[in-house]
Amino acid sequence: MTTAVEMLQNNGLASPERHNSTVGNGLKSSEKLGNNIHTGTNKDMDNDSQHYGNSSVSKAPELPHVEVNQLPIALLIRNLTVFSVKELVQFLKTSVHEGQDTSVKKTSFLQLVIFLRNQFLKIYVLVKWCRTIKNNNFNTMIDLLNWFRGSNMAVNNCIWALKASLAGMLNAKLPNPDLVTALEVLSLGRPNLPTHSFSLSGEEESEKGPKGFSVPSKLILKKLRDMNIIMSVKVSLMELPDQFKQYTVRDGRLVIHVENEFEVQLSTTDQRSPLFFVDLKLLFNELLPLNKYKLEKVINEVLFKSPRPLFALYRLLHNYVLSVQMYILHAELLDLESNSKYSGGNLKHHYDSRKNGITLKYWLHSRLKGKCNAIIGVDKESGNITLKWNIEDLPEGNPLVPVRYSNVLNNLGNILDEIMFNHSQIIKSQLLSTEVLHEEEDISDALLFHVPSTPASVIPIQIKINPISGIFYAKNPSGLLTYYINQINKTTTTDDFVKVLNRLKLDKTISILKNMFEKVGWVCNNVIKLNAPISIESTGTQKMLSRDLYIRLQNWPANWYLILSVISSNASCALEKRIGKITASNGNWELKYLDTKNVATLKLESMTYQKVIHLKKTSLHSIIDHMIIDSLNGLHMRNKICAGDSLDAVPEYIFQDNSSNQTSVLSIELESFLGGPNALNNLLEKTMFLRIDYQENKIKLFGKFKHNSKMICNQYNEALMQFIDKDSLSFFMTETFIDLNNIVQHFNPFKQKLMQIVTLTDVIERLHNFYSENFSIVALKPNEISFKYLKHSNDEYDCLIHIQTTDHSVENLDVKLSPSNPQYIIQPFIESSKQDYKFVFNYLQFTSGFFGVVESILSTAGRNSSQASNGYSTLALQLHNLSEYELIYYNAEVNSKITLMIELRNVFLNGSQRLRYYVHFADDEHISSKSPAYPLVHRVRNTVFMVDNSSLVNSDTISSLGSPKKPKIASAIRLTDGICCDATDIELVIKEINSILRVNSI
Amino acid sequence: MTTMDDHYSPAYYYYVDPASLYQPQQPNPLDDLISVYGLQNISQQVARTNPDGTKAVKLRKSYKNQINDLSGKFSVIPTRENGKGGDIAPILFQNNPDMVPQVHKTADMTPEQWHQLMCDRDAGLFQPQNMDWDVCQAVLSQFERSHPAEFQANGFQADDLAFDLDGSGNTLKPRKRKNKSSGSSMATPNSDLQEDMKRRRLE
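Residue numbers (my numbering), protein chains in the order written: chain A, 3 to 1004; chain B, -4 to 198.
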């Protein structure tokens, strides 16, 4: 809008005044305002301003004129007018269409008109404002403002350019000019120094010629004398440190001599002046170059400033000397480390110039690296350089070994030699105190270590310490020794050291033993590695070392080893001999079996080839023992090996037929051997013995009966077992073995046999109980028992029992009756019913009487029938089941049949249950009174079944009379319908009934 | 060697070319440029205070005062802030030359012809090709008699017309007098903004 204001000042062409009277007014007013009508170029404008301005203005420098955005007011008004007309036309064109809301149209028309009016209003106001400005030079103000802005910008740019150039000049620097000297040189042609052409001595006089300035020698001498006096007085008035007591005054100087450190010369100008530095000499090394210029500066400053100058000077120089000495030591050490015998990294030091100390490390490659060090520093008490040897292992209260060395300078090599020698001596004495190592008499610096060469002898090994490197070494070492020497040089403590040596000894021992065994034919297994050492003792104590050797013979059972545990301590070495079974499973070695009881311990020294060879023979036996034990354990059989003392407890009979020594004896618990049944516990002694004869390849199992079982002794089959002698209760069984590995297989026959014995004995015992009178065993085989039990038996045997066995137990007993046995009829029932053999025996026993009498009746009937074939009644026995039989009398002529039932019944008799025969006629058979059989039946009823009255009245008389027709039947109970009796009387009952029926049926 | 020296070290010590001359800046900013350029008068007019320390407001008549002599009744001053003033700058500075008709002077033109041409250059706006008077008539005839409430719905206020319908003249007059009596015209509600705008224009 700024420009618009200016526009108003410059009246342009008259624009058409058509619409707005306000604009017209504005124009008029502007015409009044400007006296002239301008056509609008800016140059004119400036000229105008000059016209209007006073005289000073005309001299004013020209300002750059601003022309941008400046338009004549006529153009402005024209622009606004044209815009307004176009807006109106536009509105009318868009509003011509019908349908639009007229009130909306009206509103927008009014708004447009008001908007346009407001714009003209603005122009009007502007014009009015401009009228108030006199002289119409407002544009000059604008130009001025513009110029100010431009100038301000230019200044800003300059500042930035300066800053940028400053940054660019950073690297360009000039030294501070020595303006004073420069001016001197400029004015004088030379620097104006205070000493210019000033000479003291007379000698220079001749050189310089007459031109030079000279001092007469008399004056010089006088001055010197004066100086001496002044110096003497001054020094005697000063406080002196103790070290400075040794001083002289000569040549105008004060010469102070401090022994082994330095000699300093000081002087002064007159009584009141301070002392100043003249010269300095280092007494311990005069060849050392000194920066005297710098020293002079420092010393003069000290002398000038300090309230006690000589004390300060001593402190300064003393420290200086110490530093120099320390540096010399540092240089000396550097030389020692790189060029002397310590080269190769055995010696190292660190020089700390700030703390003025050196830490020294030696034996860097040795096992004690880090522990071998020394410190060189200034001793606080004496103020001198001291070397302190830091040795930890120093035996307490040993004054012989020096630890502090004060005279270090020029003596360092010797001190180091001494320290290292002493250290090696300390180590040696420590090692000797363990008593593992011994001292050699001839060579003082060598240590001896005894290593076995054979079991009985040792050889010494020389071990020495290299005093330079601290490393142990041996002369002409073997590979093994080199390895262990390396190990030794890695240990840090004496205990470790001894341990390594013991390992060496153990290694050597084992290799000797291996060698011995292998030469004789043993095989050493190097592959086996168990998790823990076998020997229990060795694990307990730290000082013991143990290693296990696994050796075997080729023909030994697989996985079985003789385990030699070599236990080595500092002083001695022992061997433990065990038998064990080691198998590999899942990549690990496992100790499956270990003989923990019979551990033989021997001394290493006692090992000889004879022993090794002997072991070959004896070990096998114990191996087999243990193998059997292992197998037995595997089968869960409790067992114990009998050897040594326990061998005495073994009954003598076991060794009776022992021809050789090559046997081993084991005791086995019976019950666990059989694995369950305890039937034999009553029969046999609990313990059985197993004797293995390696020469004859035989296993014998010994047992003993508890008591003399009836009939047993002679009746057992030879094949089953053998008795030691005729009267003895002890027996044995023999098996021959071929392969030791499978020795357990031979237990099964033993077991079978034993089981058979059990069963046999059991059966026989029972049989004896049942058939006490007529019983006799006819034949005895391992599987069979044939025996007789019938009263009137003509047979070879009455019954045969076949024992069926499996491997482990008796499966079944087959009872077979002889075909001629009257009881043969029940054979199928026995077989089909699978009854317990005890029941079978009982049954046979119980019914033997009955079948016996039936047999006899039948046989007589048979005989008779052949005679009387013309109508004699026939007799038949039928078996319903095991408890019910039928005896049928049949008369073919009259076609009559009488059925006699014989039943076995359990009855209560006097409160207890007993088995009884019950004899009666069949119920379902109705015999009519007309039947010829009726009288017979009736008679039987009357005589046998009915209770005899007479006998009731006086049974004694009847019994005493002993009617032949009526034999006395003791157990018979007459029941009217039938009769009941026990096994002994059934014979009589049947015979009686038979006699009636038989006789009358004829 | 001399060329080398010339090359490396200039003949003058400071790195300022002695050949180039620098003149003091004109006009000298240390001078009183207001008086140099004869601007005392205008500066007095726009000064905040008179030389005697009293407030000077000669140029600072308010917008309202400037339009006070018009026959309208401006109850609300149209400004950019209240949305009724609109933006005049793009209208005044027509950057598009096609917006306004242009005429060109040819060599053979007489001053009278040129003057006539200049006078008639905008006459074309009212010619039929630009302005259809029938349409104007048609549109204006659509406008029927109106009453102020009719415009209320369309957001138009009759006050914006600034018609002095009741003949009371400009309501601002008495207030102006009041302001004068207090010695300042700044008390009007929107005079602060107005003043700022004025100052900006002057600068």
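The beta-carbon is built from N, C-alpha and C at its ideal position, and this holds for glycine as well.
Q | First through last residue of the beta strand (DSSP E) which encompasses residue 256(A) | A | Residue mapping note: residue 256(A) aligns to position 254 of the first sequence, counting from 1. Where residue 256(A) is concerned, the enclosing beta strand (DSSP E) stretches over 255 to 260.
Q.
On the DSSP bridge list, what partners appear for residue 903(A)?
A. Position 901 of the first sequence holds residue 903(A). Paired residue(s): 888(A) and 922(A).
(Q) Is there a C-beta anywhere in chain B that falls below 8 Å from the one on residue 50(A)? (A) In the first sequence, the residue the question calls residue 50(A) occupies position 48. Residue placement at residue 50(A) is poorly supported in this model, since its pLDDT is 40, which falls under 50; the coordinates still yield a value, given next. No - not a single Cβ of chain B is within 8 Å of the one on residue 50(A).
Q | residue 789(A) beta carbon less than 8 Å from that of residue 824(A) | A | On the first sequence, residue 824(A) is found 822 positions in, with the first residue counted as 1. On the first sequence, residue 789(A) is found 787 positions in, with the first residue counted as 1. The answer is no: Cβ separation not under 8 Å.
Q: Evaluate contact between the region 306 to 325 of chain A and the region 264 to 278 of chain A, counting only Cβ atoms and requiring at least three cross-stretch pairs below 8 Å.
A: With the cut-off at 8 Å, the region 306 to 325 of chain A and the region 264 to 278 of chain A touch.
Q) What are the residues of the region 137 to 156 of chain B that lie near chain A, defined by any Cβ-Cβ distance shorter than 8 Å? A) Taking a C-beta cut-off of 8 Å against chain A, the contacting residues of the region 137 to 156 of chain B are 137, 138, 139, 141, 145, 146, 148, 149, 150, 151, 155 and 156, listed in chain order.
Q) beta strand (DSSP E) containing residue 441(A): first to last residue? A) Residue numbering aside, residue 441(A) sits at position 439 when the first sequence is read from its first letter. For residue 441(A), the enclosing beta strand (DSSP E) starts and ends at 439 to 441.
Q: Tell me, please, whether the region 108 to 123 of chain A touches the region 19 to 32 of chain B by the rule of three or more beta-carbon pairs shorter than 8 Å.
A: Result no; under three Cβ-Cβ pairs closer than 8 Å.
Q. Does the region 410 to 428 of chain A come within contact of the region 462 to 470 of chain A, defined as at least 3 CB pairs closer than 8 Å?
A. The answer is yes - the region 462 to 470 of chain A touches the region 410 to 428 of chain A, with three or more Cβ pairs under 8 Å.
Q) Using CA coordinates, which residue listed in 990(A), 410(A) and 946(A) is at the minimum distance from residue 980(A)? A) Reading the first sequence from its first residue, position 978 is the one you call residue 980(A). Each of 990(A), 410(A) and 946(A) was checked against the Cα of residue 980(A), and the nearest Cα belongs to 946(A).
Q | Buried or exposed by the 16-neighbour rule on C-beta atoms within 10 Å, applied to residue 588(A) | A | Taking the first residue of the first sequence as position 1, residue 588(A) is located at position 586. By the neighbour-count rule (16 or more Cβ atoms within 10 Å), residue 588(A) is not buried but exposed.
Q. Can you list, in chain order, the residues of its chain whose CB lies under 7 Å from that of residue 512(A), leaving out five sequence neighbours each side?
A. One-based indexing of the first sequence puts residue 512(A) at position 510. Exclusion of the five residues before and after residue 512(A) leaves 549, 551 and 568 as the residues of its chain whose Cβ lies within less than 7 Å of its Cβ.
Q.
Any beta carbon of chain D sitting closer than 8 Å to that of residue 42(B)?
A. Reference to chain D is not applicable here, since the protein chains of this structure are A and B.
**Q.** Beta carbon of residue 584(A) nearer than 8 Å to that of residue 566(A)
**A.** By one-based count along the first sequence, residue 584(A) stands at place 582. By one-based count along the first sequence, residue 566(A) stands at place 564. Not a contact, by the Cβ cut-off of 8 Å.
Q | Neighbour-count burial assignment, residue 160(A), 16 or more Cβ in a 10 Å radius | A | Against the first sequence, residue 160(A) aligns to sequence position 158. Residue 160(A) comes out exposed.
(Q) Just list the residues that DSSP pairs residue 880(A) with in beta bridges. (A) Reading the first sequence from its first residue, position 878 is the one you call residue 880(A). Secondary-structure assignment with DSSP links residue 880(A) through a beta bridge to 888(A).
Q.
So, at 8 Å on beta carbons, what are the nonlocal neighbours of residue 305(A) in its own chain, with the 5 sequence-adjacent residues on each side left out?
A. Translated into the one-based positions of the first sequence, residue 305(A) becomes position 303. Hits under 8 Å: 268, 276, 277, 278, 279, 311, 314 and 315.
(Q) Using a Cβ-Cβ distance cut-off of 8 Å, determine whether residue 80(A) contacts chain B. (A) Locating residue 80(A) in the first sequence gives position 78, counting from the first residue. Yes, residue 80(A) lies at the interface with chain B (some Cβ there is under 8 Å from its Cβ).
Q: Could you tell me which chain B residues have their CB closer than 7 Å to the CB of residue 117(A), listed as they occur along the chain?
A: The residue you call residue 117(A) lines up with position 115 of the first sequence. Near residue 117(A) (Cβ distances below 7 Å), the residues of chain B are 81.
Q) Once you ignore the five residues that flank residue 738(A) on each side, which residues in its own chain have a CB closer than 6 Å to its CB? A) By one-based count along the first sequence, residue 738(A) stands at place 736. Cβ neighbours of residue 738(A) beyond the five flanking positions: 699 and 700.
Q: Would you tell me roughly how many angstroms separate the C-alpha atoms of residue 247(A) and residue 355(A), rounded to the nearest one?
A: Counting from one through the first sequence, the residue named residue 247(A) turns up at place 245. Counting from one through the first sequence, the residue named residue 355(A) turns up at place 353. Going by the C-alpha atoms only, they are around 30 Å apart.
Q: Decide yes or no for the touch test of the region 402 to 417 of chain A against the region 329 to 338 of chain A: beta carbon pairs closer than 8 Å, at least 3 of them.
A: The region 402 to 417 of chain A, when compared against the region 329 to 338 of chain A, does touch it at the 8 Å Cβ threshold.
Q: Spell out a yes or no on whether the region 138 to 151 of chain B and the region 115 to 130 of chain B are touching, meaning 3 or more CB-CB pairs, one atom from each, closer than 8 Å.
A: Of all C-beta pairs linking the region 138 to 151 of chain B to the region 115 to 130 of chain B, fewer than three are shorter than 8 Å, placing the two stretches out of contact.
Q: Identify every residue that forms a DSSP beta bridge with residue 499(A).
A: As a working mapping, residue 499(A) is identified with position 497 in the first sequence. According to DSSP, which records beta bridges pairwise, residue 499(A) is partnered with nothing at all.
Q) What is the DSSP secondary structure of residue 558(A), reduced to helix, strand or coil? A) Start at 1 with the first residue of the first sequence, and residue 558(A) comes out as number 556. In the structure shown, residue 558(A) sits in coil (DSSP, three-state: anything other than H, G, I, E or B).
Q: For the beta strand (DSSP E) containing residue 133(A), list its first residue and its last residue.
A: Here residue 133(A) corresponds to residue number 131 of the first sequence, with the count starting at 1. Note, residue 133(A): premise wrong, no beta strand (DSSP E); alpha helix (DSSP H) at 104 to 133.
**Q.** Nearest-angstrom Cα separation, counted from residue 560(A) out to residue 627(A)
**A.** Position 625 of the first sequence, counted from the first residue, corresponds to residue 627(A). Position 558 of the first sequence, counted from the first residue, corresponds to residue 560(A). Taking the straight line joining both Cα atoms gives about 14 Å.
Q: Tell me whether residue 173(B) sits in a helix, a strand or coil according to DSSP, three-state version.
A: Within the second sequence, numbered from 1, the residue matching residue 173(B) stands at position 178. A caution first: residue 173(B) carries a pLDDT of 38, below 50, which makes its placement in the model unreliable, though a value can still be read off. Here DSSP, grouped into helix, strand and coil, assigns residue 173(B) to helix.
Q: Leaving out five residues on either side along the sequence, give the residues of the same chain with a beta carbon under 8 Å from the beta carbon of residue 995(A).
A: Translated into positions along the first sequence, residue 995(A) becomes position 993. The answer, listed in chain order, is 902, 921, 942 and 946.
Q.
For a cutoff of 8 Å on Cβ pairs, would you count residue 135(A) as touching chain B?
A. Counting from 1 along the first sequence, the entry for residue 135(A) is found at position 133. Judged by the 8 Å Cβ criterion, residue 135(A) is in contact with chain B.
Q) At a cut of 8 Å, does the region 909 to 920 of chain A reach the region 984 to 998 of chain A through at least three beta carbon pairs? A) Flag = yes, the region 909 to 920 of chain A and the region 984 to 998 of chain A touch.
**Q.** residue 563(A) - DSSP class collapsed to helix/strand/coil
**A.** As a working mapping, residue 563(A) is identified with position 561 in the first sequence. DSSP places residue 563(A) in the strand class (E or B) of the three-state scheme.
Q: Can you check DSSP and say which residues form a bridge with residue 671(A)?
A: Position 669 of the first sequence, counted from the first residue, corresponds to residue 671(A). Paired residue(s): 689(A).
**Q.** residue 435(A) versus residue 450(A): straight-line alpha-carbon distance, rounded
**A.** On the first sequence, residue 435(A) is found 433 positions in, with the first residue counted as 1. On the first sequence, residue 450(A) is found 448 positions in, with the first residue counted as 1. Roughly 13 Å between the two C-alpha positions.
Q) Whose Cβ in chain A lies nearer than 8 Å to the Cβ of residue 34(B)? A) Walking along the second sequence from the start, residue 34(B) turns up at place 39. The answer, in chain order, is 139, 142, 143 and 146.
Q.
DSSP three-state label for residue 980(A), please.
A. Residue numbering aside, residue 980(A) sits at position 978 when the first sequence is read from its first letter. Residue 980(A) falls in the strand class under three-state DSSP.
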